[in-house]
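If you read the protein sequences in the order shown, they are chains A and B.
Just so it is clear: in the first sequence, position 139 is 134 by this note's numbering, and no numbers are missing.
So the number in this note's numbering is just where the residue sits in the second sequence, counting from 1, plus 14.
Ideal Cβ positions, reconstructed from N, Cα and C, are used throughout, including at glycine.
Bear in mind the structure is a predicted one, so any value in this text is a computation, not a measurement.
Just below is one structure, and these are the notes that go with it.
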Amino acid sequence: MTATALKEPSVSGSPSGAAARDQRGRRPGRIRRTGLPYLLLLPALVLELLVHLVPMVIGIVMSFKELTQFYIRDWGTAPWAGLGNYRVSVDFDAPVGEALLHSFFVTVGFTVLSVGLCWLIGTAAAVLMQDTFRGRGLLRALFLVPYALPVYAAVITWVFMFQHDNGLVNHVLHDQLHLTDQPSFWLIGDNSFYALLTVSVWKGWPFAFLIVMAGLQNIPRELYEAAALDGAGMWQQIRRITLPSLRPVNQVLVLVLFLWTFNDFNTPYVLFGKAAPEAADLVSVHIYQASFVTWNFGTGSAMSVLLLLFLLVVTGVYLALTSRGRRTADV
Amino acid sequence: MSEAQRLRSPMAPPSSFLWSRRILLTLLTGFVLVPVYVMVSSSLKPLADVTGRFRWLPSGLTIRPYIDIWSTVPLAHYFLNSLIVAGTATVCSVVIAVFAAYAVSRYSFRGKRVFTVTVLSTQMFPGILFLLPLFLLYVNIGNATGIALFGSRGGLILTYLTFSLPFSIWMLIGYFDSVPRDLDEAALVDGCGPLGALLRIVVPAAIPGIVAVAVYAFMTAWGEVLFASVMTDDTTRTLAVGLQGYSTLNDVYWNQIMAASLVVSVPVVAGFLLLQRYLVAGLTAGAVK
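Shown next, in the form of structure tokens:
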């Protein structure tokens, strides 16, 4: 995909080709200067190439090299490793591969739960707040606060709340409700998974809320009027009109939530620091750890490429499945 | 929010609906508010209150943490760095996105679909994948040309503005599409060039979308941690990294951490809440259409 993407815009610069296309355009008379659109796109294209696509290609090259700290200064001279880095990454019987596989499963579980909860809470809140009631505007602003807060400020507050001795969570669960025999550790050990999930949902659901809220405004009012005339109650209207009308919005929303959550680095990094506990070892942090702490960029790159391939496959399958029966123009 | 939307149903909602709404919204309010309360109340507590067992109510209120935060770490310096980086990245990102979205919205040209798909698909890349190569690329460009990208604000600005570009372009395309073409065609007939039509007709008509995109770009740059932690040094450190300075000392000054978190949050949260109606309007007209 990226290879064609890189090639296409550069070969398409010929004015004759663009002119030929204009004839088939919707309203051909409008195009006066065929070079202009390319000029307008140029800054965006150059920057995306510089910061995303070129580094990505370099990353793929690096994944085939034995790029340890000795070669960082002049990484071109690092010896080729063939598929060595990949072999190390997917050798699930050896420690490196086993840790990566574990991290992958943790990330999948975490992502599914987080996206599901964010979507569910966001949609429920948006649908319930579709009609006006007293305090609605205030509540809406309040619900958007977790999304508006800078990640590190929000997550650092949660770090404080999850502290063993002086945190709010243990104070409520242990001191006040007496639910646990001992104050628990939240940021190390198995509990860290739930801590991470809580923070992720707290930060993430308002985005779903925001998008669904915007989507709701595009549902024509006549649909509800007609349904009401036919005697459909509130719940029926939600089930038969609101939720089906949100399908196109949901298709994009769930994908975006999935990609952001799966690749999330900021939340676990601020929550746990450089070394995440095993139970909450998300793959982004895992790769960061593998690259910058051990200075083995080759293996880190190989892991990143594998991650990208996985995301490409999932996205492709997802779009194919959810677009079935829908006009592609909607996407 | 239009009147029509509010009076959606001519019937009064059933009580089952009203009760679910009350219960769910109350629970959500609690969930959202507890950390906010912890942040605000702890920032006003004396140190003893935040080192011992958690207290819902402070033993006494003090504004001491708000004074100390500026000397414990060079917070003002980080603040300035973040402001420069996020501000510049936002302005550049919005201008570039406006041009690109105008091209896609108003012209048909070869490679258009490839362009939009490519730009959007960069959203999918794990940051970690291009962090390492970008780090090396910046170092090497620096060695070869003397342009310091690594460790400089410029490098960070360049990086951040590409983070918000894809979403901004995507949203503005939708927004520009909703501005009637007859308007800018009339301007073209009146002798404006294409850029004149863009600046005088399309941009003013799309202000809500542009504001929304600017808010998004600023928030993205203000909150990013991963690249900031690798690509900055002592002089260019931003808040995202600098705020961690409070916790690496021997004592953890939780009251100061909360005060500093609040201080760095206020500009973005206030801006966001003031402009959120534009964001919803922008999303409605653009992205989710």
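Keeping to the same chain, check which residues put their C-beta closer than 7 Å to that of residue i; ignore five residues upstream and five downstream.
i	result
A:LEU96	PHE87
A:THR72	TYR66
B:ASN154	none
A:PHE99	VAL278
A:THR109	Going by the sequence as given, residue 109 of chain A is Ser instead of Thr. Excluding positions up to five away in sequence, the list reads LEU192, SER195, VAL196, GLY199 and THR256.
Could you check what DSSP says for residue i in three-state terms: helix, strand or coil?
i	result
A:GLY293	helix
A:ASP17	Low per-residue confidence applies at A:ASP17: pLDDT is 42, beneath 50, and the placement is therefore not dependable enough to give any value.
B:THR246	strand
B:GLY165	strand
B:CYS206	coil
B:LEU135	Here the sequence assigns Ser to residue 135 of chain B, which means Leu is not the residue at that position. Looking at B:SER135 - three-state DSSP - the assignment turns out to be helix.
A:ASP160	coil
B:ALA103	helix
B:TYR267	coil
A:ILE183	coil
B:PRO79	helix
A:PRO243	helix
A:ILE214	coil
A:ARG235	helix
B:PRO27	coil
A:GLN177	coil
B:SER122	coil
A:GLY361	Here chain A covers residues -4 to 326 and nothing more, so residue 361 of chain A does not appear.
A:LYS198	helix
A:SER84	helix
A:ASP225	coil
B:ARG251	coil
A:GLU220	helix
What does the alpha-carbon distance come out to for the pair residue i and residue j?
i	j	result
B:SER107	B:LEU186	12 Å
A:MET124	A:ALA203	14 Å
B:LEU32	A:ASN80	58 Å
A:LEU307	A:ASP170	47 Å
A:GLN18	B:LYS126	Note that A:GLN18 scores a pLDDT of 42, beneath 50, so its modelled location is shaky and nothing firm can be said.
B:SER122	A:PHE253	32 Å
A:ALA315	A:LEU248	16 Å
B:VAL64	B:VAL87	19 Å
B:ALA219	B:ILE183	16 Å
B:THR176	A:LEU174	48 Å
A:VAL164	A:VAL150	14 Å
B:PRO147	A:THR118	38 Å
A:VAL251	B:ARG78	42 Å
B:VAL216	A:PRO50	35 Å
B:TYR230	A:ALA89	43 Å
B:LEU145	A:ARG242	34 Å
A:GLY184	A:ASP276	11 Å
A:PRO141	B:ASP204	48 Å
B:SER30	A:ALA120	15 Å
B:VAL118	A:ALA94	45 Å
B:ARG124	A:LEU34	13 Å
B:VAL54	B:LEU89	18 Å
A:LEU301	A:GLN212	40 Å
B:THR104	A:TYR283	27 Å
A:LEU115	B:ILE110	35 Å
B:VAL244	A:VAL46	15 Å
A:TRP230	A:ALA223	11 Å
Going by CA-CA distance only, name the one from the options that's closest to residue i.
i	options	result
A:TYR264	B:MET53, B:ILE142, B:SER135 and B:VAL118	B:ILE142
A:LEU144	A:LEU108, A:THR102 and A:LYS198	A:LYS198
A:LEU205	B:LEU94, B:PHE113, B:HIS91 and B:TYR292	B:TYR292
A:ALA270	A:TRP255, A:SER286, A:GLY226 and A:GLY77	A:SER286
B:SER56	A:MET298, A:MET156, A:ALA222 and A:PHE260	A:MET156
A:GLY210	A:SER187, A:ARG82, A:GLN246 and A:VAL288	A:GLN246
B:GLN116	B:TYR152, B:PHE190 and B:ASP247	A small correction: the amino acid at residue 116 of chain B is Tyr; Gln does not occupy that position in the sequence shown. Checking every option, the nearest Cα to that of B:TYR116 belongs to B:PHE190.
B:VAL133	A:VAL196, A:ALA94 and A:LEU44	A:LEU44
A:LEU191	A:PHE105, A:MET229 and A:ALA148	A:PHE105
A:VAL154	A:LEU31, A:ARG129 and A:GLY268	A:GLY268
A:LEU133	B:LEU288, B:LEU297 and B:GLY296	B:LEU288
A:PHE257	A:VAL107, A:LEU48, A:LEU218 and A:PRO32	A:VAL107
B:THR43	A:PHE260, A:SER240 and A:PRO201	A:PRO201
Suppose the cutoff is 6 Å on Cβ atoms and the five residues either side in sequence are ignored; what does the same chain contact list for residue i look like?
i	result
B:TYR267	TYR260
A:ARG16	Because A:ARG16 sits at a pLDDT of 42, beneath the cut-off of 50, its placement in the model cannot be relied upon, and the following sentence gives the value as read from the coordinates. Counting only Cβ-Cβ distances below 6 Å, and skipping sequence neighbours, we find nothing.
B:ALA100	PHE232, ALA235 and TRP236
Determine which residues share a DSSP beta bridge with residue i and list them.
i	result
A:LYS60	A:TRP75
Cutting at 8 Å between CB atoms, please list the residues of its own chain near residue i, excluding the five before and the five after it.
i	result
A:GLY77	PHE59
B:ALA201	GLY210, ALA211, ARG214 and ILE215
B:VAL52	MET272
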